[in-house]
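Asks:
Number of protein chains: 2
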Amino acid sequence: MKQTAARERAVVLLSGGLDSATALAWASKEKQWDCYTIAFDYGQRHHVEIQASKQISQAFEAKKHQVIAVDLHAIGGSSLTSEQDVPKDQAETFAIPSTYVPARNLIFLSLASAFAETVGANKLVIGANIVDYSGYPDCRPEFLNSFAKTVALGTKAGVEGVGFEVVAPLLNLDKAEIIKLGLSLGVDYAMTRSCYDPDKDGQPCGHCDSCHFRMQGFAQLGQQDPLLSLVK
Amino acid sequence: MKQTAARERAVVLLSGGLDSATALAWASKEKQWDCYTIAFDYGQRHHVEIQASKQISQAFEAKKHQVIAVDLHAIGGSSLTSEQDVPKDQAETFAIPSTYVPARNLIFLSLASAFAETVGANKLVIGANIVDYSGYPDCRPEFLNSFAKTVALGTKAGVEGVGFEVVAPLLNLDKAEIIKLGLSLGVDYAMTRSCYDPDKDGQPCGHCDSCHFRMQGFAQLGQQDPLLSLVK
Chain A
76 MKQTAARERA VVLLSGGLDS ATALAWASKE KQWDCYTIAF DYGQRHHVEI
126 QASKQISQAF EAKKHQVIAV DLHAIGGSSL TSEQDVPKDQ AETFAIPSTY
176 VPARNLIFLS LASAFAETVG ANKLVIGANI VDYSGYPDCR PEFLNSFAKT
226 VALGTKAGVE GVGFEVVAPL LNLDKAEIIK LGLSLGVDYA MTRSCYDPDK
276 DGQPCGHCDS CHFRMQGFAQ LGQQDPLLSL VK
Chain B
76 MKQTAARERA VVLLSGGLDS ATALAWASKE KQWDCYTIAF DYGQRHHVEI
126 QASKQISQAF EAKKHQVIAV DLHAIGGSSL TSEQDVPKDQ AETFAIPSTY
176 VPARNLIFLS LASAFAETVG ANKLVIGANI VDYSGYPDCR PEFLNSFAKT
226 VALGTKAGVE GVGFEVVAPL LNLDKAEIIK LGLSLGVDYA MTRSCYDPDK
276 DGQPCGHCDS CHFRMQGFAQ LGQQDPLLSL VK
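Protein chains in written order, with our numbering: chain A, 76 to 307; chain B, 76 to 307.
In structure tokens:
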């Protein structure tokens, strides 16, 4: 009985962005898992996401919301955590962008694993998707599967027989499909924040890759992004 | 030429304890790698280790010493980062001890990978050894090898062809053998700190597992631990 109960618990990586909010909605509403949400305060420019993640966690009645501070700023190597400029209005490319943060999902999933072990969850839910994994290697399914194996080998719960699983429900969805799924599950996208370079009040810039993808997704559905009116 | 140079760079996880100091000495003196050291400020009780790690890094002329703050205290689940008592003078056991920090090496290796990617290193050196891996799953070779594969799949450097390697030079050595190796490489063990529960001045308790293992190691070599005189 205990194992069955444990199987229904999930830790959801909740950045406060559109993707992770949709992943939480899916885990919570569609799968009916007990969700524990985790957000990271990692010296990012878009700190407003952390406030958004708390609000979204509450909206989906997560059992617990945990914010973990981790100083990726000290490592550097990315325009998201350093003094480099975030690129604006650039042509589509399949190269790894300057917004890549070295080993970010590896670090976040590792911290989520520790949290999962503490709360007795064996599923790690992440909003990684095809839009991301063209550019970010740590969103690719090969990586996510390899990570799950590594966790099983390196944690107390894992060696005691709990099989860890990284669940990426949005993996094969494009932005419009993600938004469609989220709307069907009651996500209020006005709560979410996606911009890589918001102004000091947390309003989106409307010009970075992340803003572009988001606006295009809503446009494809013939919908208006509830954040669009906030754009400068 | 550039690739050859990159191959000689290593990130060494340097806790400030006896094992990691020996691992650094090995990487630096025996392998002649350019070493970049990383220490973690993770809400541990034995904060004095962080000062020790800086001193040891300088003694072995590491290229850079990076301290990363990561709030494992928020996750809890261990007597090292929570309000539980650290066990004292307990009988030897092969169970996973209460000092186990959930997914600690997974988290530390992940952060070290990010640092490695930033400085162009492809080796991660860790002082894991048989004394540890009887109890801590994240010191076992199966875990370390699986981790290296995961990093190769999840980092920009990895997908661009850099093969990551987790190097654990002490893996099959007992404490006495580790100390013997370190002494031959010029480690000054007076600089190192091992105690799980030092007093407020950073002096070792002499009664936790870590103090016991250390004292036994020196005794087997017929040597005196330079920290022994500090024990209450």
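Note that CB positions come from ideal geometry on N, CA and C, so glycine has one too.
Under three-state DSSP, which class holds B/Lys138?
Replies: Correct three-state label for B/Lys138: coil.
Asks: Taking C-beta to C-beta, are B/Leu93 and B/Ser269 nearer than 7 Å?
Replies: Yes.
Asks: Any beta carbon from chain A within less than 7 Å of B/Glu105's own beta carbon?
Replies: Closer than 7 Å: no.
Asks: Check the Cβ-Cβ distances between A/Lys275 and every residue of chain E, and say whether any is below 7 Å.
Replies: Included in the structure are the protein chains A and B, with no chain E among them.
Asks: Where does A/Arg84 sit, in a helix, a strand or coil, going by DSSP?
Replies: Three-state DSSP puts A/Arg84 in a strand.
Asks: Going by the DSSP bridge assignment, what does A/Asp109 pair with across the sheet?
Replies: A/Arg84.
Asks: Within the segment 229–296 of chain B, note down every full beta strand (DSSP E) run reaching 3 residues or more, in order along the chain.
Replies: You should have 240–242.
Asks: How would you label A/Arg247, buried or exposed, when you count the other beta carbons within 10 angstroms and need 16 or more for buried?
Replies: The sequence shown places Asn at residue 247 of chain A, rather than the Arg named in the question. Answer is exposed; the Cβ neighbour count stays below 16.
Asks: On a Cα-Cα basis, can you pick out the residue from A/Gln130, A/Ala223 and A/Tyr111 that is closest to A/Glu83?
Replies: Looking at the Cα atoms, A/Tyr111 is the closest of the given residues.
Asks: Please check if any C-beta of chain A sits within less than 7 Å of the C-beta of B/Val206.
Replies: No, B/Val206 does not count as interfacial toward chain A.
Asks: Rounded to a whole number of angstroms, what is the C-alpha to C-alpha distance between A/Ala178 and B/Ala191?
Replies: Answer to the nearest angstrom: the Cα atoms are 10 Å apart.
Asks: Please report the residue range of the alpha helix (DSSP H) in which B/Val194 lies.
Replies: Note, B/Val194: alpha helix (DSSP H), Arg179 to Val194.
Asks: Less than 7 Å between CB atoms is the rule here; does B/Phe239 satisfy it with respect to chain A?
Replies: No, because no Cβ of chain A sits closer than 7 Å to the Cβ of B/Phe239.
Asks: Measure the Cβ-Cβ separation of B/Leu181 and A/Ser185 and say whether it is below 7 Å.
Replies: Result yes, Cβ atoms of B/Leu181 and A/Ser185 sit closer than 7 Å.
Asks: Interface residues of chain A around B/Gly229 at Cβ under 8 Å?
Replies: Within 8 Å Cβ-Cβ: Ala178, Asn180, Leu181, Pro212, Asp213, Arg215, Phe218, Ser221 and Phe222.
Asks: Could you round the C-beta distance between A/Trp74 and A/Leu260 to whole angstroms and report it? I think they count as a contact, below 8 Å.
Replies: Because chain A is modelled from 76 through 307, residue 74 of chain A falls outside the range shown and cannot be assessed.
Asks: For the candidate residues B/Ala227, B/Val206 and B/Pro273, whose alpha-carbon lies nearest to that of A/Tyr211?
Replies: Checked all of B/Ala227, B/Val206 and B/Pro273; the closest Cα to A/Tyr211 is B/Ala227.
Asks: Is B/Val242 near B/Val200, with beta carbons less than 7 Å apart?
Replies: A contact, by the Cβ cut-off of 7 Å.
Asks: Would you say A/Ser259 reaches chain B, if we count a Cβ-Cβ gap shorter than 7 Å as a contact?
Replies: Chain B contact via Cβ: absent.
Asks: With A/Leu199 as the anchor, note down where its beta strand (DSSP E) starts and where it stops.
Replies: Note, A/Leu199: beta strand (DSSP E), Lys198 to Val200.
Asks: Could you please give me the residues that DSSP links to B/Val145 through a beta bridge?
Replies: For B/Val145, which the question treats as bridged, DSSP gives the partners A/Val145.
Asks: Which one of B/Pro216, B/Ala294 and B/Val234 has the shortest CA to CA distance from B/Pro244?
Replies: The shortest C-alpha separation from B/Pro244 is found at B/Pro216.
Asks: Since A/Phe115 sits in a beta bridge, which residues does DSSP pair it with?
Replies: Answer is A/Ile143, bridged to A/Phe115.
Asks: In the DSSP assignment, find the unbroken alpha helix (DSSP H) run with A/Asp94 in it and report its ends.
Replies: From DSSP, the alpha helix (DSSP H) with A/Asp94 extends over Leu93 to Ala100.
Asks: Apart from the five residues on each side of it in sequence, which residues of its chain come closer than 6 Å, Cβ to Cβ, to B/Gly202?
Replies: So the list reads Asp94, Ser95, Ala98 and Leu245, once near-sequence residues are dropped.
Asks: Under 7 Å Cβ to Cβ from A/Ser285, same chain only, skipping five residues before and after it: list those, please.
Replies: Correct list, in chain order: Ser269, Cys270 and Tyr271.
Asks: Taking the alpha-carbon of B/Val262 as reference, which of B/Lys104, B/Ser90 and B/Cys283 has the nearest alpha-carbon?
Replies: Answer by Cα proximity: B/Lys104.
Asks: Please name the residue in A/Gly118, A/Ser90 and A/Leu256 whose C-alpha comes closest to that of A/Ile125.
Replies: Taking only the C-alpha atoms, the option nearest A/Ile125 is A/Ser90.
Asks: Please state whether DSSP places B/Pro301 in a helix, a strand or coil.
Replies: Here B/Pro301 sits in coil by DSSP.
Asks: Below 8 Å on C-beta distance, what does A/Asp146 contact in chain B?
Replies: Within 8 Å Cβ-Cβ: Ile143, Ala144 and Val145.
Asks: Between B/Gly195, B/Ile205, B/Val206 and B/Leu219, which lies nearest to B/Phe183 when the distance is taken from Cα to Cα?
Replies: When only C-alpha atoms are compared, the closest one is B/Leu219.
Asks: Is A/Ile113 closer than 7 Å to A/Gln141 when the C-beta atoms are compared?
Replies: Yes; because the gap between Cβ atoms is below 7 Å, this pair is in contact.
Asks: Could you tell me how far apart the beta carbons of A/Val86 and A/Ala187 are, in whole angstroms, since I believe they sit closer than 8 Å?
Replies: At roughly 5 Å, the Cβ-Cβ gap stays under 8 Å, so A/Val86 and A/Ala187 are in contact.
Asks: For B/Ala203, which three-state DSSP category applies?
Replies: Reduced to three states, the DSSP call for B/Ala203 is coil.
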